[in-house]
Amino acid sequence: MTIRVYDTLRRRLVPFTPIKEKEVGIYVCGPTVYDFTHIGHARTLLVFDMIVRYLRYRGYEVKYIVNITDIDDKIIKRGHESKVAPQDLAKKFESLFFEDMTALNANQVDAYPRVSDNIPEIIQLIRVLVEKGYAYQVNGDVYFDVSKSPSLGKLSHQSLDDLWSGARVKVDERKRNPADFALWKSSKTGEPSWESPFGEGRPGWHIECSAISMKYLGEQFDLHGGGRDLIFPHHENEIAQSEAYTGKPPVVRYWLHTGFLTIGGVKMSKSLGNFITVRDILKTHDTNTFRLFIASAHYRSPIDYSDDALAQASRSLKRVFEALDNLRQGIRTGDKRRVGKEEEEIQERIRSIKHRFFEAMDNDFNTVKAVSEFFGLVRLGNIVSTQQVDTAVLQRIHDLITAFGGVFGLELERENELTAEEKRLISERDVARQNRDWKRADAIRRQLREKGVILKDYPTGTLWTIERKEKT
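In my numbering, the protein residues as written are 9 to 480.
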């Protein structure tokens, strides 16, 4: 099966053919570290975390890069308001961002390059653009001349006149054209700055992604992603400056953009004050619940946050863990060979579900249909775990549920859900049951239930499920 993706530039589904067979280079625009990460930002990063997981599951060797913007007007403004050096503010929120990504099990990124660590590469790129006539200097600032890039607007499908019209909101008489954008900003008091051939200063916003992506992935790479709000001006300008520098269009083969995460149909935004941070959401919902919620919508579509949607995801996850428990119990108690007349039919159902799962993910990473197939497998697992079938079949379903869940970034290894104390109590209760100390065993059961750990006793041992009302 061939993977197809929706390329924003071409505005249609196209076959995904990497530059190098079975090797994929991916660059996604990361956070500007001046505040806590909200779940709208997290959606984009979780979407590409799932895409990378799937590509790796399919056997691709993926190099996945996410930049950290630690130099920016917003960082400087927030630092001045807080009376904190911008560099220190950026370090603080970068650290908190990494904590959030760890908590969300978003662990597929190969490198998080900072802008501040790539100043030489940025300066070199700007220097070449000036030498080639694509950029010009004005009083220590450097601007990209959009008139030298007639294809500017091809990603957002706007004309240069449209771009200029939008740019006239902020008029700078020093610029040749209203839509010209800054590559380098001259030094100002209280701002971080570096020496350069253009004078002391700092990078503009757009140039960082061109410099960093080409440094890590080469002058041409496979896939560039981000939120749809970055299409214009950020990605539009990135294409113009990168292709002017290399002279090798296209720099990026495929552009993928995520839809907005909304609340009541309104885009989540810090400027509107309607945002929820990752830390807020994980106080009341676990990582698996939030990730399943994100996977429940196609990445290009908007997804509306609500408590009901999260509650539905939580209920669905309970069915997953119940199926895995039932399958494990069937594997423990069954013979190595328990053949029933419906076994071949079950094997065919497994093959069919697997095929449709791949078909869904190959069709522009359609997690909506893939999740549906995943739960079809969960239902099958609950059914066959009580039937007289080969335990190898039960194991196959169990492993496939775990593998598909892994594509969505779900942690389905049950031990990861228990605290050290809870593990100790379960072991202590096992000993009490062996000693027929039913009073102690029941007391521990009640103690664990209060913590949200529900035990199920079988002749071969004890299994458990998690029903926490609040993350502990």
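Virtual Cβ for every residue (Gly too), placed ideally from N, Cα, C.
Sorted by chain position, which residues of the same chain lie with C-beta nearer than 8 Å to residue i's C-beta, five sequence neighbours on each side aside?
i, result
"LYS479", "Its pLDDT being 43, under 50, LYS479 is placed unreliably by the model, and the measurement read from it follows with that caveat. These residues qualify, in order along the chain: LEU290, LYS291, THR292, HIS293 and ASP294."
"ASN126", "GLU216, ALA219, ILE220 and LYS223"
"GLU69", "LYS30, GLU31 and VAL32"
"ARG176", "For ARG176, the predicted structure reports a pLDDT of 48, less than 50, and the residue's modelled location is therefore unreliable. A value from the coordinates is still provided. Closer than 8 Å at the Cβ level, and outside the excluded window around ARG176, lie PRO186."
Return the first residue and the last residue of the alpha helix (DSSP H) that residue i is part of.
i, result
"ILE73", "From DSSP, ILE73 is part of no alpha helix (DSSP H) but of the beta strand (DSSP E) over 69-74."
"GLN442", "428-442"
"HIS88", "81-90"
"ASP43", "First-last for ASP43: undefined, no H or E at that position."
"ARG20", "It is not in any alpha helix (DSSP H) - ARG20 instead sits in the beta strand (DSSP E) that spans 20-23."
"TRP263", "Taken as a continuous stretch (DSSP letters only), TRP263 belongs to no alpha helix (DSSP H), being part of the beta strand (DSSP E) at 260-266."
"LEU418", "Element bounds for LEU418: n/a, residue is neither H nor E."
"PHE298", "295-303"
Identify the continuous beta strand (DSSP E) that holds residue i and give its terminal residues.
i, result
"ALA378", "Looking at the DSSP string, ALA378 is not in any beta strand (DSSP E); the run it does join, the alpha helix (DSSP H), is 375-392."
"HIS242", "Premise fails: HIS242 is in no beta strand (DSSP E) and is neither H nor E."
"PHE229", "229-235"
"ALA187", "Note, ALA187: premise wrong, no beta strand (DSSP E); not H, not E."
"ASP288", "ASP288 -> not in any beta strand (DSSP E); alpha helix (DSSP H) instead, spanning 286-292."
"GLU31", "31-36"
Comparing alpha-carbon positions, which option in the options lies nearest residue i?
i, options, result
"ARG18", "ARG457, TYR262, TYR313 and THR341", "TYR262"
"LEU269", "TYR65, LYS256 and ILE284", "ILE284"
"PRO121", "LYS156, ASP149, LYS162 and VAL74", "VAL74"
"GLU458", "LEU433, LYS447 and ARG444", "LEU433"
"GLU350", "LYS377, ASP316, ALA248 and VAL401", "VAL401"
"PHE414", "ALA317, VAL60, ALA187 and TYR253", "It should be noted that the sequence gives Gly, not Phe, for residue 414. It is VAL60."
"GLN249", "TRP192, LEU137, PHE298 and GLY273", "LEU137"
"LEU420", "LEU408, GLU429, LYS256 and GLU430", "LEU408"
"GLN396", "ARG66, GLN455 and THR341", "THR341"
"LEU335", "ASN390, LYS326, ARG357 and HIS306", "ASN390"
Give every residue of the same chain whose Cβ lies closer than 7 Å to the Cβ of residue i, excluding the five residues on either side of it in the sequence, and list them in chain order.
i, result
"MET9", "PHE366, GLU367 and ASP370"
"HIS49", "PRO39"
"ILE239", "THR16, LEU163, SER164 and HIS265"
"THR45", "PRO39, PHE105, ASP108, THR285 and VAL286"
"ASP488", "The structure shown does not extend to residue 488, since the chain is modelled only from 9 through 480, so no value can be given for it."
"GLU485", "Lying outside 9 to 480, the shown extent of the chain, residue 485 is not represented and no answer is given."
According to DSSP, residue i sits in a beta bridge with which residue or residues?
i, result
"THR211", "The sequence shown places Pro at residue 211, rather than the Thr named in the question. Paired residue(s): TRP192."
"GLN166", "Note: GLN166 sits in no beta bridge, so no partner."
"LEU269", "ILE311"
"TRP472", "LEU463"
"PHE481", "Within the shown structure, residues of the chain are numbered from 9 to 480, placing residue 481 beyond reach of any answer."
Return the chain-ordered list of same chain residues with a C-beta closer than 6 Å to the C-beta of residue i, the five sequence neighbours on each side being excluded.
i, result
"ILE11", "PHE24 and ASP370"
"ASN185", "VAL154 and SER155"
"ALA119", "ILE73"
"SER204", "ILE131"
"ALA98", "VAL41, ASP78 and ILE83"
"ILE311", "LEU269 and ALA305"
"VAL392", "ILE354"
Report yes if the C-beta of residue i is less than 7 Å from at least one heavy atom of the ligand FAD; otherwise report no.
i, result
"ASN374", "As far as ligands go, the structure on display features none, and thus does not contain the ligand FAD."
Taking only beta-carbon atoms, is residue i less than 8 Å away from chain D?
i, result
"ARG236", "No chain D is part of this structure, which consists of one protein chain only."
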